[in-house]
Each structure stands twice: as structure tokens, then as C-alpha cells.
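To keep things clear, I will list the structure first and then write my remarks on it.
Protein chains: 4
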Amino acid sequence: MTVTHGTLAAGGGQLGARTLRTAVVGAGFMGWVHAESARRAGGRVVGVTSGKPGKAADAVAAAAAAVGADRGYPDLESMLADAAIDVLHVCTPNSSHAEIAGKALAAGVHVVCEKPLATDVADAATLVTAAAGAGRVAAVPFVYRFHPMVREMRARLAAGQAGIVSTVIGGYLQDWLAGSADRDWRVDPALGGPSRAFADIGSHWCDLFEFVSGDRIARLSAQTVVVRDRGGSGESNEDLATVQFATASGVVGVLVVSQVAAGRKNRLHLEVSGTDASFGFDQEDPERLWVGAREGNRVLMRDPDTLSPGAARYTRLPAGHAQGYQDCFDAFVADTHSAIRGEDLVDGLPTFADGLRAVRITDAVLRSAASGGAWTEVPA
Amino acid sequence: MTVTHGTLAAGGGQLGARTLRTAVVGAGFMGWVHAESARRAGGRVVGVTSGKPGKAADAVAAAAAAVGADRGYPDLESMLADAAIDVLHVCTPNSSHAEIAGKALAAGVHVVCEKPLATDVADAATLVTAAAGAGRVAAVPFVYRFHPMVREMRARLAAGQAGIVSTVIGGYLQDWLAGSADRDWRVDPALGGPSRAFADIGSHWCDLFEFVSGDRIARLSAQTVVVRDRGGSGESNEDLATVQFATASGVVGVLVVSQVAAGRKNRLHLEVSGTDASFGFDQEDPERLWVGAREGNRVLMRDPDTLSPGAARYTRLPAGHAQGYQDCFDAFVADTHSAIRGEDLVDGLPTFADGLRAVRITDAVLRSAASGGAWTEVPA
Amino acid sequence: MTVTHGTLAAGGGQLGARTLRTAVVGAGFMGWVHAESARRAGGRVVGVTSGKPGKAADAVAAAAAAVGADRGYPDLESMLADAAIDVLHVCTPNSSHAEIAGKALAAGVHVVCEKPLATDVADAATLVTAAAGAGRVAAVPFVYRFHPMVREMRARLAAGQAGIVSTVIGGYLQDWLAGSADRDWRVDPALGGPSRAFADIGSHWCDLFEFVSGDRIARLSAQTVVVRDRGGSGESNEDLATVQFATASGVVGVLVVSQVAAGRKNRLHLEVSGTDASFGFDQEDPERLWVGAREGNRVLMRDPDTLSPGAARYTRLPAGHAQGYQDCFDAFVADTHSAIRGEDLVDGLPTFADGLRAVRITDAVLRSAASGGAWTEVPA
Amino acid sequence: MTVTHGTLAAGGGQLGARTLRTAVVGAGFMGWVHAESARRAGGRVVGVTSGKPGKAADAVAAAAAAVGADRGYPDLESMLADAAIDVLHVCTPNSSHAEIAGKALAAGVHVVCEKPLATDVADAATLVTAAAGAGRVAAVPFVYRFHPMVREMRARLAAGQAGIVSTVIGGYLQDWLAGSADRDWRVDPALGGPSRAFADIGSHWCDLFEFVSGDRIARLSAQTVVVRDRGGSGESNEDLATVQFATASGVVGVLVVSQVAAGRKNRLHLEVSGTDASFGFDQEDPERLWVGAREGNRVLMRDPDTLSPGAARYTRLPAGHAQGYQDCFDAFVADTHSAIRGEDLVDGLPTFADGLRAVRITDAVLRSAASGGAWTEVPA
């Protein structure tokens with residue numbers, strides 16, 4: 001590789017920084033992703049436990065192996081009691097998030113909790129209160145915020161480059177549940193919660209839109225559809241949702257969220273149109289930002305030489321050598337660790353308050369859809 | 001050019017076919033486009049009159065020169081009386097469409113009328129009745145139907161290739177009215193009608209969606225916004241609209257229409273997602289059709305060797321030599337002439353019934369927006 | 001359509017201009033394309049004859065019908081004698097171009113001759129001399145020059161926007177002869193000439209490059225390959241060629257021309273890199289121009305509001321309504337007619353001198369390839 | 001993130017595997033990248049020394065901090081003597097590679113050496129012999145081989161999907177030296193070697209082409225240009241090169257390499273055309289593979305569910321969550337460690353033999369260019 005620039009963001013952990021003792025609940029793929037990012041941030045993964053307590057000894061050992069932890073524990077309580085944990089990552093099915101995160105906060109541990117933070121508003125609000133009361137850092141991995149071109153879009157919108165922002169077109173489309181035989185624990189409301197497509201991926205879109213725009217979805221009307229009958233413990237949660245909304249500042253927009261859209265894998269797409277400039281971002285092509293203007297459109301590549309400071313902060317490689325999803329995740333965890341150490345002014349870290357916000361929007365979507373698409377206020 | 005295929009659609013008029021005597025009302029740019037397509041279809045442009053009667057002699061001559069007509073007339077009545085017209089093209093501001101088209105039908109003349117067919121539902125419905133009563137061909141230039149890749153999308157949806165159609169994302173974005181100083185007669189409700197962005201371009205999108213899907217927008221909820229205060233005879237009609245809808249067959253979707261979206265010129269975009277395949281078309285890139293599937297996505301180019309018959313019919317050039325907007329317009333007028341001569345089975349010609357349909361949807365959008373986005377039924 | 005701009009180029013023939021009497025030799029698809037463009041330019045297609053003299057009466061009539069001519073003739077001589085022709089379009093197989101064009105010039109007729117102008121340098125040079133001696137307009141349809149974004153690229157290069165022009169990457173790739181069973185008259189050297197891929201499409205690329213750059217290919221080294229044994233009257237001419245070259249001003253570049261490259265239809269691609277800006281054009285996507293710069297890349301759409309005058313001249317439709325190949329061809333013929341009438345200052349009309357230039361480059365390519373890729377000077 | 005697939009490649013180090021003691025020479029950005037990948041592969045970075053021996057104590061400590069090593073050393077010799085190194089990564093300026101790698105091999109240490117392996121053929125060949133004699137793993141980071149879509153292209157070419165491979169179009173374009181004031185140690189032949197653009201990035205392209213095609217560049221003709229006078233210890237090495245070549249199996253192709261092409265950052269592009277299918281890869285968009293065919297073109301996204309096994313091996317994330325450059329580098333180092341441990345059958349690891357190959361091609365390019373582009377054989 002040709003290194004062309006001397007200004008790349010420092011990667012990895014801060015030298016001399018205190019090593020954070022990290023633990024994980026949930027030994028699946030996301031458990032490994034969290035653990036790996038913790039290591040890359042300079043942390044040590046001291047323990048792991050499965051989301052289901054009481055595992056046999058070999059299962060405990062397998063969990064430790066799966067995420068690369070120093071040791072496995074049979075349950076959360078024994079891990080909290082024994083491992084001298086600084087920060088706990090919650091990577092279990094949705095319905096257990098609130099209880100686990102609550103216990104960790106009660107034990108004085110910082111928490112990173114997978115989204116959705118909880119499967120209902122009350123639980124999420126309780127966690128926000130608990131985190132504030134405990135004075136702990138409590139973060140939710142809305143990691144798309146850490147794509148440098150997302151930060152660039154945010155910086156340009158904040159600078160007023162769009163002129164009058166007028167419309168928003170959004171989508172988050174996947175196809176991994178398009179087949180009639182596709183199954184997953186998320187499909188079962190008892191594990192995944194009352195919302196699936198929206199809670200799982202729609203929440204990402206809403207967080208990203210509100211993050212880049214600095215605006216808030218104030219009222220919305222929604223439709224949800226179950227395309228496939230998938231069995232499970234009750235009626236399936238939604239395969240897709242469409243939403244129309246207005247923001248606090250009067251911008252209008254639409255959003256389609258689907259897990260049954262053939263050909264799309266993780267197409268989180270966002271086009272914000274203004275009278276002077278428009279901006280488009282697609283998570284499947286995260287190294288570029290489309291900037292529209294009457295006199296000609298630009299496709300900006302991530303380039304440390306030309307990005308605004310808020311975007312350059314998350315640039316680790318020269319232009320033209322792609323950063324990816326893992327880089328976002330690493331940056332999120334690194335910022336979380338910085339916040340825990342109190343050593344760095346971190347901008348844009350997604351917290352439990354943001355997690356609550358996503359749950360509130362999801363709740364409004366479900367309520368609107370249940371009442372025939374009635375316009376529904378989203379509490380601030 | 002290398003001609004690679006022997007199966008290209010015949011262009012131009014049918015040899016030996018009767019030459020249709022064509023006349024035009026409205027001597028602006030669209031008048032010229034209609035006249036030129038009529039000539040290319042083998043017609044003769046025998047007369048033109050301005051939309052504003054009583055012009056002086058030199059203005060009459062200028063109109064004839066502008067569209068290439070044999071002669072100009074001071075008003076519609078004298079032209080209808082004198083020119084032995086087969087078909088009249090109405091290319092005047094929206095508010096005059098209904099009266100002019102009505103007079104032509106009453107005179108026994110076939111009519112091509114620019115959209116919107118009328119500025120309210122009653123007038124449009126009256127014209128449909130009049131056309132049926134007169135037994136005349138009455139067409140509306142929803143010309144995007146004539147892009148070959150639109151026909152390909154339609155053929156594939158009709159064949160069920162999408163599996164379960166689940167969601168629709170649509171947009172028609174322009175930026176030519178984004179500036180604070182931008183003006184046009186369409187902005188004035190007295191000339192353009194109560195709806196601008198939606199009547200002018202949203203109607204195109206709705207026609208295209210219903211055409212390719214064979215489905216109908218059954219109910220909708222809409223928001224409209226006036227971004228710019230533009231003066232004029234009254235309050236400005238809308239700069240943009242967002243719409244959420246459900247179709248007769250239960251498909252849900254969203255649409256954003258705007259004339260103030262910087263960087264977009266005529267981005268009519270349509271993505272129909274299904275469980276087996278998804279399809280995407282963008283009018284700014286009309287030679288391609290995106291076909292998504294779980295096992296890999298394709299970008300089909302217009303290619304006479306591989307298109308379905310309904311699409312190959314409108315293919316005039318070998319693959320890789322772009323057809324464009326004018327080719328669509330020519331094909332629309334050629335099909336209209338064929339229908340007038342009764343010599344050809346024309347599939348998919350947009351008629352006054354389609355024009356009425358667009359006015360009905362526009363009316364529903366305005367009514368919904370006026371009542372806070374209330375869900376509104378669209379009469380079939 | 002929404003017409004947004006008052007500055008669109010006038011289409012069609014000049015009002016009041018003398019109607020040019022046009023005739024065509026060759027009643028195939030290209031004959032029709034030429035005839036149609038002549039009509040659109042305000043000409044009258046008074047006669048046609050097949051490239052093979054002595055046709056029976058019904059074949060003569062069929063030729064007239066195929067191109068829409070007033071009448072058919074059994075041979076060129078009778079047509080020249082009878083039809084009072086202003087301009088003759090030569091649309092026959094390559095090996096007959098020189099003789100037919102020569103006879104027309106001798107008869108005092110203006111000529112449009114398909115490329116390659118001739119199948120050897122001497123014949124092409126003779127035609128250039130003949131045209132000059134006769135004082136007739138003599139044009140070759142290098143029609144890609146008439147894409148507005150090609151003119152834009154040319155204007156920007158002429159203005160020095162590229163800084164130091166350093167490299168050129170070019171290609172013209174097709175796949176219509178990729179199959180083992182694919183046949184065409186061009187494959188037979190007796191009809192198509194000693195070069196096929198390069199003479200047919202490589203010549204287009206070279207003309208376009210020299211046109212936009214104002215530079216000249218001074219020396220080259222080439223390889224040619226026959227991939228398929230296709231039978232015919234002798235050894236097949238080349239399926240593909242690769243070329244490395246240097247220009248008169250010291251720019252270096254490469255070019256690949258192929259008719260056996262699966263997936264490419266008419267991918268004429270050209271990327272000119274400079275130290276300040278780079279430019280890329282792709283004939284399969286002709287409404288856009290890629291402009292690269294260190295601080296960010298742009299994708300310019302054809303837009304009458306923002307183009308340079310030389311490009312705006314060929315813009316007939318608003319931005320976002322695609323122009324295509326036929327629009328180029330129409331513009332080329334319209335400019336040719338203007339030149340014939342002497343009424344307009346036409347810039348960039350490709351003449352027999354340009355046709356000779358392409359034959360010279362083709363000849364250099366064949367000679368280099370025959371001598372193992374030896375560096376070969378291209379006479380100016 | 002939604003994890004959709006159970007078959008993702010295991011990331012990180014093998015559990016229970018022996019921890020490799022890694023050391024680095026060169027404490028710049030690339031030193032950090034190597035060290036980080038070693039850590040991610042489960043290694044321990046035990047030492048680092050600057051490329052310039054005899055550094056003061058604080059410089060030694062700074063080097064250790066910069067790459068995250070246990071300690072710094074004043075010179076290579078003391079580090080080799082003290083640190084019990086398993087594998088040494090050479091990340092110094094080009095002219096010192098051969099000496100450092102040679103010393104490491106002589107000390108019985110495995111080596112990863114940045115490209116170019118050496119600045120002349122003799123030195124590179126000596127290293128290949130030394131590595132073989134020592135029985136050590138000796139690798140060169142041609143890391144683009146580790147993009148999953150590169151592996152997919154290779155698997156499909158190996159399976160014969162292209163039909164007859166006919167042409168290759170290649171490029172590696174950057175712009176970081178386009179400005180008149182741009183400087184770097186690579187510009188100075190005393191440090192960078194006699195070739196710059198080609199040795200630095202052209203070598204990457206050649207390695208990638210030969211890797212995916214299984215073919216060899218047999219003879220070539222080249223031009224090199226110095227666009228900018230940059231001062232330095234002697235005449236500047238080349239800013240750009242163009243190459244025409246033929247392979248051992250008779251495929252012909254072209255290549256442009258430039259570090260002064262405005263708008264391109266790391267555009268390593270490769271299009272291999274065949275009669276049945278063509279393949280295109282662009283390193284700036286590494287998650288996609290273009291597959292052309294006459295019946296329609298596809299854009300394959302990296303998707304663990306649909307890739308061939310050789311590509312799926314390097315897939316760590318679900319489709320639609322981008323992998324990037326760092327993932328390639330990590331995979332390269334992980335495979336190197338596997339090879340060192342002898343525990344895994346590694347396919348496609350780039351070795352010193354591949355490094356020598358690149359130096360030979362570079363040498364042929366320089367010799368050809370020096371002799372006016374004479375065709376030059378590349379020794380196998």
C-alpha cells in the first residue's frame with residue numbers, strides 16, 4: 001500500500017491507557033464481533049456467559065472459545081461477582097436485553113447493549129434512568145454513525161449547505177427472510193419482541209437520519225405487513241413496514257423497511273433533498289457520499305485530505321482503500337472505551353437515550369399500523 | 001454503426017398508410033415535440049394555433065414556423081373549420097385542456113391531450129365520456145410507458161417473476177424550481193391548476209407504476225409543502241408531496257414528488273420489491289433495468305436479442321446505442337396514429353381514461369393533504 | 001414533460017431553407033437511418049438504389065419502401081442521371097465505398113459516406129482530393145462527436161482544465177461476434193476489407209479521441225487476434241486489437257478494440273487523465289461525463305443550463321430526458337445539410353479528411369501487428 | 001447488525017494455536033498496519049526497530065509506541081539477538097528490503113517483506129534462494145488477493161466460465177503525486193529504486209492479474225513518463241507507465257499505471273474479457289464483481305451464501321456489510337501465520353517467488369521503455 005497522507009487517525013488503543021476489562025453476554029456471532037472490537041480498542045475480554053444461564057461446563061468453555069474470552073461463566077451473576085468487569089456487552093436476543101443491562105448497571109458496570117435496547121418503551125426508559133443514576137456509560141451500537149461519509153453528511157447538513165431541507169427518502173431493505181422456509185429467533189415475538197423488521201433495522205435508519213439531520217421525527221403514519229406465515233410462539237412480527245413522517249422542523253419524508261426484498265442485503269439508503277444541495281448515502285457502498293446540486297452532482301470518496309474534521313476523525317486508511325463495517329464497529333467500541341476512561345471528548349456516541357428514542361419510534365410505528373395508519377405523535 | 005441484429009422494430013410510418021392530417025394547439029416547445037413526432041409517424045402537420053385566440057397575423061405565422069405547420073390559424077374554431085384535421089394535439093397550459101379537447105371531440109376529431117387531462121375530476125370525466133361517445137381515439141402522453149425497459153419490467157411482473165410483490169419505493173425529483181427566483185406559468189393555480197408538482201410529475205409516476213404492476217393505488221395518505229413563496233394570482237400550488245399508499249392487491253408503498261430537490265433533473269424512480277425478484281427503473285438512465293434476486297443482481301441493458309416481445313416492439317436500435325426520450329414520444333404518437341387508422345393492435349396506449357385516473361389520484365392527494373394526511377380512498 | 005428551459009437548440013430543419021434532395025445507396029438498416037435523419041433535417045429522400053446493381057423491379061421497389069424514398073433505381077448511374085440529387089449517402093459494404101463516393105463527386109453531388117471511407121489508404125486519399133477538387137461537402141458519420149457530453153469534454157480539454165494531460169485509457173468493446181456461429185459480411189475481407197474490428201469500431205474511438213483532445217496519435221504498436229475461424233472468402237480479418245500509442249504532444253495511451261468481449265454491446269470508453277482534472281466518457285451511458293479531481297469527482301449530466309456553448313448547441317431536450325444515438329445521427333446530418341447550404345458555421349463536422357485519417361491509423365495498426373507489434377509512425 | 005448466516009469464516013487467531021512472536025522493522029504507518037494485523041492473527045508484537053539504525057533512546061521508545069510493540073530496539077541486530085522472533089515484518093523504504101530480509105532469513109526467522117521485494121532482480125532472486133535454503137515462510141503483502149471477490153473471479157476463470165479469454169484491460173491510477181509540489185521518499189531513486197509508479201502499484205496489478213488468470217505475462221512493450229521534475233538525489237523515477245503485453249497462453253492486453261491521474265485514489269481496475277463471460281474488478285469498490293455475458297450482465301455482491309468456497313473462506317461479514325482493505329491485510333497475515341505454524345493448507349499466499357516475479361516484470365518494463373518501447377521478454 002502506498003501511504004499518502006500523514007494525517008490518518010490513530011488506530012487501536014491509546015498507549016498507556018488503562019486496559020478495560022470487558023465481558024460479554026451472548027456467545028453468538030455478534031458476541032464475537034463485540035469482543036474483537038474490544039480487543040482492538042485495547043481492552044481485555046475477561047469473561048463471557050451465554051444468554052441462557054445454567055449451561056454445562058463444556059458449553060461454558062465453548063462460549064469462551066467462541067469469543068476469545070479468558071474464561072466462561074455459567075451465568076451473569078457469577079460473572080459479575082467474579083470478573084472485576086469494567087464494561088459488559090449485551091449480545092443476547094432482544095427480549096432479554098433490559099434485564100441483563102439493568103443488572104449490569106446495578107452492579108456498577110458500564111454497558112454496551114445491542115439494539116433494540118428493550119422490546120417496550122417502559123423498559124427502555126427504565127434503563128436510561130438507571131444508567132443516569134449509576135453514572136455509567138451506557139451505549140447502543142448504532143454503528144452506522146461511524147462511517148466517515150455519514151459524518152461528512154452530518155457536517156455538511158449542520159453547516160447549512162443543503163439550503164432549505166425539503167424531503168427525505170429512506171429505505172432499509174434486506175432479503176434474508178424472503179423465502180418461505182426462512183426462520184430465525186427474531187421472527188418469534190417471544191424472543192424478538194412485537195416488532196421485527198422495524199425494531200431490527202428500521203431503528204438503525206431512524207437513528208441515522210436523526211443523527212445526520214439533527215432533526216426529530218415528530219409524527220408518523222405507518223403500515224406493517226406479514227408476508228410469510230412462519231409459525232413460532234404466536235403471530236409473526238412484521239416482515240416489512242412503510243412509514244410517512246414529518247419532523248419537528250417541518251421536513252416531510254418516507255421510509256420503507258423490509259426483510260423480504262429480493263436482491264437487497266443491507267441497503268440502508270438515505271436521500272435528504274435540499275434547495276441548494278442534496279445528500280445521499282447507501283450503507284452497501286459506504287465509502288461514497290452523493291452530493292447533488294443544480295450545477296452538477298458529485299460523488300465524494302472518503303479522503304482524509306478533503307473531509308471535514310468530524311469525518312476525518314474516523315478515517316484510518318488512505319482514500320481508495322476501503323474501510324468497512326468492522327471499522328465502524330471498532331470505532332464505536334473505541335469511543336465507548338474513551339468515554340468510560342473519561343479521557344476524550346467523544347462526539348456522537350449513541351447512548352441508551354438514543355436506544356430509547358428508537359424504541360419510542362418503533363412503538364409509534366406499531367401503534368399507527370394497528371390503527372389503520374393513523375397519524376401518531378412520537379414523544380420527544 | 002455496426003448493425004448486429006435483423007429484428008429491429010421498423011421505425012417511421014407504415015408504408016402506404018393513410019397520411020394523418022395533424023394539427024396542434026399551443027406553439028411552445030411541447031407543441032414542436034408533438035408536431036415532430038407526428039411527422040416522424042408519417043403524419044402531416046397542417047395547422048397550428050396558439051392557446052390564446054385572436055393573435056395578430058405575424059404571431060400566427062410565427063406559430064406555424066415554430067412547429068413546422070403548413071399554416072397558422074388565429075383560433076381553434078377557424079382551424080377546426082378549415083384544416084380537415086384527423087387528430088388534434090393539445091399542448092396548452094393545463095387549465096385550458098378540457099375546453100379545447102372537448103371542442104375537438106365535438107368536431108369529430110381524434111385528440112392527443114397533454115397531461116394533466118384536466119385540472120379537476122369532473123372535467124376529466126366529462127372528456128372520457130365525450131371521447132367514448134364520439135368514438136374517437138383520445139390519448140394522453142404518459143410517454144414513459146414507451147421506454148423498452150419499462151415494458152420489460154411490466155412483462156416480467158405480469159409473468160409473476162417477482163414472487164409475492166411486497167413493497168414499492170417511488171420518487172419523481174426535479175430541481176428546476178428550487179431557486180427562490182424560479183418562475184413558470186405552472187406555479188400559478190389559475191393556469192397550472194390547484195396541483196403542480198403532483199399533477200405535473202407525480203401523475204407520471206402513478207401512471208407508470210399502475211402500468212407496470214397491473215395494480216391500482218386504492219388508498220393513500222399525503223403531505224404537500226410549499227417551500228417557496230412565488231407570488232402569482234393566488235397561493236402557490238405545492239412544490240412537493242409525499243405519499244404513502246396501499247394498492248387494491250395489498251401492496252404497500254411510498255412516493256416522494258418534488259420540484260425543489262437539488263441535483264435531480266427528471267429522476268422518476270421506481271423500485272418494486274418481491275420475494276423472488278425485485279425490479280428498479282430510473283428514467284434518467286432508461287436503457288437499463290435492475291433485477292434483484294437473492295443469488296445475485298443483474299443490470300439488464302436494452303438488447304433486442306434478449307428482451308421480451310412487448311419490450312422488443314419498442315426497440316429501434318441495437319443494444320448499446322442509446323434510445324432516449326424522443327424515441328418514447330415518437331413511439332407514443334406512432335401508436336396513436338396506428339390506433340386512429342385501426343390498423344394495428346396497440347397494447348398499452350395511454351388514453352383519456354388513464355388521464356382521468358391520474359386526475360383522480362391527484363385529487364385524492366390534495367384532499368388528503370388538506371385534511372392533515374387523512375387516509376383517502378381513490379375511486380377506481 | 002416539463003419544459004424547464006427556454007434555450008434549447010432548435011430541432012429539425014431551418015424554416016425556409018432549401019429542401020435538399022437526398023439519395024441513398026444501400027437499402028439496409030443504415031440506409032434507413034440515413035434517410036430518416038435526412039428527412040428530419042428537412043430533406044427529401046428522392047431515390048435509393050441497392051449496392052448491387054441490376055436488381056429486378058420488385059427489389060427496386062422494396063428498396064424504396066425500406067428507406068422511404070420517392071422511388072428506387074436499378075443502379076447508381078441511372079439514379080445520378082435522373083434524380084437531381086443534392087447529396088448522396090453511401091451505406092453499402094465497405095469495399096464499395098470508394099467507387100460509389102467517387103462517382104458521386106464526379107457527378108457534382110455532395111456525399112455522406114459510411115466509415116471506413118475506403119479499405120485502403122490510397123483510395124481514401126483519392127477521395128479527399130476528389131472532394132476538394134469538386135468543391136463538394138464530403139462527410140463521414142463519426143456521429144459520436146455529436147453527443148453533447150463529448151462536446152463538453154472537448155471544450156474543457158481545450159480550455160486547459162486537465163492541467164498536464166498524461167495518460168489515455170480507451171476501449172471499444174462489443175460481443176455480437178463472440179459466438180462460434182456468428183457471421184456477418186464484415187467478416188469476409190473481400191467485402192469488409194483487411195481490417196474488421198479496428199476499421200469498424202476502433203476507427204470511431206480514434207476519431208473521438210483526436211476530436212476531443214485536439215491531439216494526434218503519432219506512433220503506435222499493435223497486436224491483432226483472430227479468435228474465431230469463420231470461413232469466408234479468405235482468412236478472417238481481426239476479431240480484436242490492442243494498441244499502445246504516443247501522441248504528437250507526448251501523451252501516452254492504450255486502446256483495446258474487440259467484437260468478442262462478452263457483456264459489452266457498444267462500450268466505447270475513453271478516460272483522459274490530467275494532473276488537474278480527468279475526464280471519462282462511455283458511449284453506453286452518453287448523457288454523463290465523469291470529471292475527476294483530487295478534491296472530489298463529479299458526474300455531470302447533460303443540462304442545457306450548465307453546458308458550455310459547444311455542447312449546448314447539440315442539446316435538444318431538458319436535462320434528465322435522455323438524448324440518444326439517433327439524436328447524434330440527426331445532428332450530424334443536419335450539420336451536413338447546413339454545410340451544403342453554406343448557411344451556418346458548423347464546428348466539428350467529420351469530413352473525408354477525417355475518414356482518411358481513420359484509414360491511415362487502421363493501416364498503421366495492421367502493419368504494426370503484421371510485424372510483431374513494431375512501433376509504426378502514423379502519417380499526419 | 002442482523003447476522004443472517006451460520007457459515008461465516010472464523011475471524012481472529014486459532015484458539016490454542018501457538019502465539020507467534022512478531023517483530024517489525026520500520027515504525028511508519030505500514031509498520032503499524034502490519035503490527036495490528038499480527039495482533040489480530042493472535043500474534044504478539046515483541047519488538048520494533050526503525051529502518052535507520054542507531055536511534056536515540058527516545059526515538060526507540062517512540063517507535064515501540066507507534067506500532068504497539070513490547071519494546072523498541074536501536075537496530076535490527078540487537079532485536080534479532082534478543083527478541084526470540086518467529087516472524088519479522090520489513091516495512092522500510094524499498095532500497096533496504098533486500099538486506100534486512102536477508103539478515104532475518106540468515107537468523108532463521110520467517111519474513112514478511114513489503115513490496116517491491118528488492119529494487120533489482122538479482123537481489124530479489126537471492127532472497128528467494130535464501131528463503132528456500134532456510135526453509136522459512138517468506139511472504140510479500142500482495143494483499144488484494146485477499147478480497148473475496150478477487151477469489152471469486154479467480155475461481156470462475158479457473159472453472160472456464162469465460163470461454164476463450166481474449167483481452168485484458170488494466171489500470172492502477174492514483175493522484176497523490178499529481179501536484180507540482182508533491183514529494184515522497186519514493187520519488188528519490190536512491191530510496192525508492194529505479195522504478196516508482198510501476199514498482200509500487202503496477203506490481204500489484206501484475207500480481208493480481210496473474211493470480212486470477214493463472215496465466216503469465218510473457219512479453220511486453222512499455223512507455224514511461226516523468227511528468228513532474230521533483231528534484232531529489234538524481235533523475236526522478238517514472239510518474240506513469242503504459243504497457244502492452246501478451247501472455248504465455250496468447251491473451252493480449254494493456255495496462256496504464258499512474259500516480260498523477262487526477263480523481264483516482266487507488267483505482268486498481270481489471271477487466272478480463274472472454275467469449276462466454278467477462279469479469280471486472282475495481283479495488284475502490286471491492287465488494288462487487290462485474291460479470292458480463294451476452295444475455296445480460298450481473299453485479300455480484302460478496303455474499304457468503306453464493307460465493308465459491310475459495311472466496312467464502314475470506315468472508316467474515318454478512319452480505320451488505322462491507323469488508324475493506326484492513327480485512328484483506330488481516331487475512332494475509334493470518335494466512336502467513338498459519339503457514340508458519342504449518343497447521344493449515346493455505347491457498348494463494350503470495351511468497352518471495354511472487355515478489356521476484358513482480359521485480360522481473362518491473363525490470364522488463366524499465367528496459368523496454370529505455371529502448372523506445374521495444375518488445376521485451378519477461379523471464380518466467
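Residue numbers (full-length UniProt numbering), protein chains in the order written: chain A, 1 to 380; chain B, 1 to 380; chain C, 1 to 380; chain D, 1 to 380. We treat Cβ as the ideally placed atom computed from N, Cα and C, and that holds for glycine.
Nearest-angstrom beta carbon gap, residue j and residue i [assumed within contact, 8 Å]
i: Val-112 (chain B); j: Thr-351 (chain B); result: Actually they are not in contact, since the Cβ atoms of Val-112 (chain B) and Thr-351 (chain B) sit about 10 Å apart, beyond 8 Å.
i: Val-140 (chain D); j: His-89 (chain D); result: Contact doesn't hold; Cβ gap of about 11 Å is too wide.
i: Ala-155 (chain B); j: Gly-310 (chain B); result: 5 Å
i: Asp-175 (chain B); j: Arg-264 (chain B); result: 6 Å
i: Ala-69 (chain A); j: Ala-35 (chain A); result: 7 Å
Extent of the continuous beta strand (DSSP E) run through residue i
i: Thr-49 (chain A); result: 44-49
i: Thr-129 (chain D); result: Not the beta strand (DSSP E): Thr-129 (chain D) falls in the alpha helix (DSSP H), residues 121-134.
i: Ala-23 (chain C); result: 21-25
i: Arg-298 (chain C); result: 297-301
One or two residues paired with residue i in a DSSP bridge
i: residue 381 (chain C); result: Given that chain C is displayed from residue 1 to residue 380, the structure contains no residue 381 (chain C) and the question cannot be resolved.
i: Thr-376 (chain A); result: A:Leu-220
i: Arg-313 (chain C); result: For Arg-313 (chain C), which the question treats as bridged, DSSP gives no partner whatsoever.
i: Leu-307 (chain A); result: Leu-307 (chain A) pairs with nothing; no bridge assigned.
i: Phe-142 (chain D); result: BP columns for Phe-142 (chain D) are empty, so no partner.
Residue i - containing alpha helix (DSSP H), residue span
i: Ala-293 (chain A); result: Unbroken run through Ala-293 (chain A): none, as it is neither H nor E.
i: Tyr-325 (chain D); result: 325-341
Where residue i meets chain E, residues with beta-carbon distance less than 9 Å
i: Asp-303 (chain D); result: Checking the listed chains, one finds no chain E in this structure; the protein chains it contains are A, B, C and D.
Margin query: Closer than 8 Å is the cut-off here; do at least three beta carbon pairs connect the region 349-366 of chain C with the region 197-204 of chain C?
Written below: Verdict: yes, contact present.
Check: Is there contact between the region 186-196 of chain B and the region 317-336 of chain B, where contact requires at least three CB pairs shorter than 8 Å?
Finding: Touching, no, given that fewer than three Cβ pairs across the two stretches are closer than 8 Å.
Note to self: Check whether the region 364-373 of chain C and the region 210-224 of chain C touch, using three or more Cβ-Cβ pairs below 8 Å as the test.
What the structure shows: Three or more beta-carbon pairs drawn from the region 364-373 of chain C and the region 210-224 of chain C are found closer than 8 Å, and the two stretches are therefore classed as touching.
Note to self: For a minimum of 3 consecutive residues, which ranges assigned as the beta strand (DSSP E) are wholly contained in the UniProt domain "GFO/IDH/MocA-like oxidoreductase" (150-279) of chain D?
What the structure shows: For secondary structure counted as the beta strand (DSSP E) over 3 or more consecutive residues, the UniProt domain "GFO/IDH/MocA-like oxidoreductase" (150-279) of chain D holds these complete runs in sequence order: 165-173, 217-225, 240-247, 252-258 and 267-274.
Notebook entry, point to check: Which full runs of the alpha helix (DSSP H) of 4+ residues lie inside the region 35-119 of chain C, going along the chain?
Noted result: You should have 57-67, 76-82 and 97-106.
Check: Does the region 320-333 of chain D touch the region 38-57 of chain D, meaning 3 or more C-beta pairs lie closer than 8 Å?
Finding: Contact between the region 38-57 of chain D and the region 320-333 of chain D is present, with at least three C-beta pairs closer than 8 Å.
Next item on the list: Spell out a yes or no on whether the region 238-254 of chain D and the region 238-249 of chain C are touching, meaning 3 or more CB-CB pairs, one atom from each, closer than 8 Å.
Entry: Cβ pair count under 8 Å is three or more, so yes.
Check: Are three or more beta carbon pairs between the region 126-142 of chain A and the region 90-107 of chain A nearer than 8 Å?
Finding: With a cut-off of 8 Å, the region 90-107 of chain A and the region 126-142 of chain A count as touching, because enough Cβ pairs lie within range.
Margin query: Measuring CB atoms only, is the region 166-182 of chain C touching the region 260-278 of chain C, in the sense that at least three cross pairs come out at less than 8 Å?
Written below: Yes: the two stretches touch, three or more of their Cβ pairs being nearer than 8 Å.
Notebook entry, point to check: How about the region 248-257 of chain B and the region 274-288 of chain B: do they share at least three Cβ pairs that are nearer than 8 Å?
Noted result: Because the criterion of three Cβ pairs below 8 Å is not met, the region 248-257 of chain B and the region 274-288 of chain B do not touch.
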